[in-house]
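Each residue of the sequence shown is one higher than the last, beginning at 3 in this note's numbering.
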Amino acid sequence: MKIQKLQLPIIFLITSLIITGWSCNKITVDKNNNLQGYADSQVVGTWKITSINSDKAYDWNGDGVTETDVFSTYDDCKKDNSYQFLSDKNGIYKLSCNNTLDGTWDILDTKILVWIPQGSFAYNEELDNMTSISFNTIRKEVFTTGQVYTIITKWERQ
């Protein structure tokens, strides 16, 4: 009789562990209970965009041809842009051959990179797959037609 009483709780425990995925699907949180994300120190430095792709084809440069490789539509000056994120949350953005702007930047909710060239609008992009030498950002663009495009940008440390 005692064996049966012990077996039931053990079976219940094992079943619970299997159902709840005891060894899988763990979510790590910081001390403040926010999901872990990216830190300012990971972004500080000089970066260059090396690719930009869309999930849907569109005529990104107005030449009558649709493409998903947005970066290929850029001229050489725009492909040579650089983005310097300083530790004091200021930035220096080379946006074309003859256009370098000061600005600011920040990381919101440990996952959204916001960078603002002086006199321009804010760019809000979700950080993804960050390493010490590269990261991706993801943003949505909504056109007047209501069509939503997901844009993935790859950044590489310089």
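Beta carbons are placed, not taken as given, at the ideal position from N, Cα and C, and that holds for glycine.
* Per-residue DSSP class, three states only, for D65 -> coil
* To do: From the DSSP output, in three-state form, read off G23 for me.
  => Residue placement at G23 is poorly supported in this model, since its pLDDT is 49, which falls under 50; the coordinates are not used for a value here.
* Assuming S84 contacts K113 under a Cβ cut-off of 8 Å, what Cβ separation, rounded to an integer in Å, is found between them? -> In fact, because the Cβ distance is near 23 Å, the residues do not count as touching under 8 Å.
* So, are the CB atoms of K58 and T75 less than 8 Å apart? -> no
* To do: Determine the contact status of Q120 and T48, defining contact as a CB-CB distance below 8 Å.
  => no
* To do: Could you name each continuous alpha helix (DSSP H) segment of 4 residues or more that falls completely within the stretch 71 to 150, going from the start of the chain to the end?
  => 78 to 81
* **Own chain partners of S25 with C-beta closer than 6 Å, once the 5 adjacent residues on each side are dropped** => Low confidence applies to S25: its pLDDT is 44, below 50, so where it sits in the model is not reliable enough to give any reading.
* Report the residue from S134, T106, T147 and G148 whose alpha carbon sits nearest the alpha carbon of S89. => T106
* Starting from Y40, follow the beta strand (DSSP E) in both directions and report where the run begins and ends. => Unbroken run through Y40: none, as it is neither H nor E.
* By Cβ distance below 6 Å, which residues in the same chain neighbour I118 in space, the five residues on each side in sequence not counted? -> G105, T106 and A124
* Would you call T68 buried or exposed, if buried means 16 or more other Cβ atoms sit within 10 Å of its Cβ? -> exposed
* **Cβ-based neighbour list, L42, same chain, cut-off 7 Å, excluding 5 preceding and 5 following** => For clarity, residue 42 is Asp in the given sequence; the question names Leu instead. I109, listed in sequence order.
* To do: Please name the residue, chosen from R141, V46, W157 and E158, that lies closest to K91 on a Cα-to-Cα basis.
  => V46
* Asked: How long is the line joining the alpha carbons of N55 and D65, rounded to whole angstroms?
  -> 17 Å
* Exposure label - K28; buried when at least 16 CB within 10 Å -> A caution first: K28 carries a pLDDT of 44, below 50, which makes its placement in the model unreliable, though a value can still be read off. It counts as exposed.
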